[in-house]
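Numbering (my numbering), first residue to last: 12 to 225.
1. On the criterion of 16 or more Cβ atoms from any shown chain inside 10 Å, does residue 188 qualify as buried, or is it exposed?
2. Please report the distance separating the alpha-carbon of residue 181 from that of residue 19.
3. Nearest CA to the CA of residue 247: which residue from 127, 147, 223, 148?
4. Which one of 179, 172, 142, 25 has the shortest CA to CA distance from residue 162?
5. Compute the beta-carbon to beta-carbon distance between residue 16 and residue 123, rounded to the nearest angstrom, for a pair I have assumed lies under 8 Å.
6. Of the choices 131, 92, 85, whose alpha-carbon is the least far from that of residue 154?
7. What span of residues does the alpha helix (DSSP H) with residue 164 cover, start to end?
8. Using 8 Å as the threshold, is the C-beta distance between residue 108 and residue 176 below it?
9. Are residue 209 and residue 14 close, meaning C-beta to C-beta below 8 Å?
10. Give me the Cα-Cα distance between residue 140 and residue 114, rounded to the nearest whole angstrom.
11. Please name the residue, chosen from 61, 37, 30, 94, that lies closest to residue 52 on a Cα-to-Cα basis.
12. If I follow the unbroken alpha helix (DSSP H) through residue 134, where does it start and stop?
13. Taking the alpha-carbon positions, what's the residue 135 to residue 36 distance?
14. Taking the alpha-carbon positions, what's the residue 129 to residue 12 distance?
15. Judging by CA-CA distance, which residue of 156, 223, 63 is the nearest neighbour of residue 102?
16. Tell me the residue span of the alpha helix (DSSP H) that contains residue 3.
17. Could you spell out the range, first to last residue, of the alpha helix (DSSP H) harbouring residue 176?
18. Compute the Euclidean distance between the alpha carbons of residue 99 and residue 143, then round it to the nearest angstrom.
19. Hey, how far is the Cα of residue 133 from the Cα of residue 197?
20. In angstroms, rounded to a whole number, what distance separates the CA positions of residue 45 and residue 22?
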């Protein structure tokens with residue numbers, strides 16, 4: 012999880028935000044970044060009230076609530092996982108309009124999602140949720156992410172002007188908030204002594220990937 016957080020932070024800072032600043036300017040990007048983070052944090056806080064606060068937890072240190080403990084928590088967890096996937100999908104959809112395929116960004120999102128999905132799945136199973144629930148949840152999220160990528164590519168990307176980089180910065184802010192509120196806490200509980208080192212490894216790994224895929 013720590014490596015995934017480092018990859019995600021590198022992708023946001025090196026690719027998404029840097030490109031957006033070049034196209035839209037630092038002030039517009041900073042404001043969009045804050046708006047994206049605020050939107051995610053507000054949505055996350057709302058869903059946390061219904062049982063989605065620990066949706067990324069594996070169940071070893073902090074357990075997700077079972078449906079019997081908090082009715083409606085299953086829906087809240089599903090919506091929370093969808094919320095986590097939306098910013099990446101929108102950012103990637105807008106980025107794909109670039110003639111140069113964003114290889115480093117795609118790798119960052121793909122690799123950072125793997126430990127997150129494994130941890131969340133373990134947590135859902137530990138809370139007593141069925142294999143069918145978990146399977147259908149990830150299928151629905153995959154379909155929703157694909158729709159968001161298409162929306163980012165066709166809809167938002169076709170707006171032109173300064174809107175695409177602003178939308179990228181908005182998504183980047185949401186991604187930063189997501190990493191800070193859902194990924195990093197689980198990473199710290201799993202390996203508190205080395206989580207910083209592992210995050211730096213993930214960040215450096217994407218630096219190398221970006222340098223070799225330009």
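Even glycine gets a Cβ: it sits at the ideal position worked out from N, Cα and C.
This is what the structure gives:
1. The sequence position of residue 188 within the chain shown is 177, counting from 1. With 16 or more Cβ atoms within 10 Å of its Cβ, residue 188 is classed as buried.
2. Taking the chain shown and counting its residues from 1, one reaches residue 181 at position 170. Taking the chain shown and counting its residues from 1, one reaches residue 19 at position 8. Distance between the alpha carbons of residue 181 and residue 19: 15 Å.
3. Beyond the ends of the chain as shown, which are 12 and 225, falls residue 247; an answer cannot be given.
4. By one-based count along the chain shown, residue 162 stands at place 151. Ranked by Cα distance from residue 162, the first of 179, 172, 142, 25 is 179.
5. Residue 16 sits at position 5 when you count from the first residue of the chain shown. Residue 123 sits at position 112 when you count from the first residue of the chain shown. Beta-carbon to beta-carbon, residue 16 and residue 123 are separated by about 7 Å, close enough to satisfy the 8 Å threshold.
6. Counting from 1 along the chain shown, the entry for residue 154 is found at position 143. Per the Cα distances, 92.
7. Counted from its first residue, the chain shown places residue 164 at position 153. Bounds of any alpha helix (DSSP H) do not take in residue 164, whose DSSP letter is neither H nor E.
8. As a working note, residue 108 is residue 97 in the chain shown. As a working note, residue 176 is residue 165 in the chain shown. Against a cut-off of 8 Å, the Cβ pair of residue 176 and residue 108 comes out as no contact.
9. Position 198 of the chain shown holds residue 209. Position 3 of the chain shown holds residue 14. Between residue 209 and residue 14, the C-beta gap is smaller than 8 Å, which places the two residues in contact.
10. For the purposes of this step, residue 140 is taken as residue 129 along the chain shown, with counting starting at 1. For the purposes of this step, residue 114 is taken as residue 103 along the chain shown, with counting starting at 1. Rounded to the nearest angstrom, the two C-alpha atoms are 35 Å apart.
11. Position 41 of the chain shown holds residue 52. Of the candidates 61, 37, 30, 94, the one whose C-alpha sits nearest the C-alpha of residue 52 is 94.
12. One-based indexing of the chain shown puts residue 134 at position 123. For residue 134, the uninterrupted alpha helix (DSSP H) segment begins and ends at 114-137.
13. Within the chain shown, residue 135 is the residue found at index 124, counting from 1. Within the chain shown, residue 36 is the residue found at index 25, counting from 1. For residue 135 and residue 36, the distance between alpha carbons rounds to 42 Å.
14. The residue given as residue 129 occupies position 118 in the chain shown. The residue given as residue 12 occupies position 1 in the chain shown. In a straight line, the C-alpha of residue 129 is about 10 Å away from that of residue 12.
15. Within the chain shown, residue 102 is the residue found at index 91, counting from 1. Cα-wise, what sits closest to residue 102 is 156.
16. With the chain covering 12 to 225 only, the question about residue 3 has no answer from this structure.
17. For the purposes of this step, residue 176 is taken as residue 165 along the chain shown, with counting starting at 1. Where residue 176 is concerned, the enclosing alpha helix (DSSP H) stretches over 174-189.
18. Translated into positions along the chain shown, residue 99 becomes position 88. Translated into positions along the chain shown, residue 143 becomes position 132. Each residue's alpha carbon lies about 25 Å from the other.
19. Taking the first residue of the chain shown as position 1, residue 133 is located at position 122. Taking the first residue of the chain shown as position 1, residue 197 is located at position 186. Whole-angstrom Cα-Cα distance: 12 Å.
20. Taking the chain shown and counting its residues from 1, the one referred to as residue 45 is at position 34. Taking the chain shown and counting its residues from 1, the one referred to as residue 22 is at position 11. Straight across, the Cα-Cα distance linking residue 45 with residue 22 is about 17 Å.
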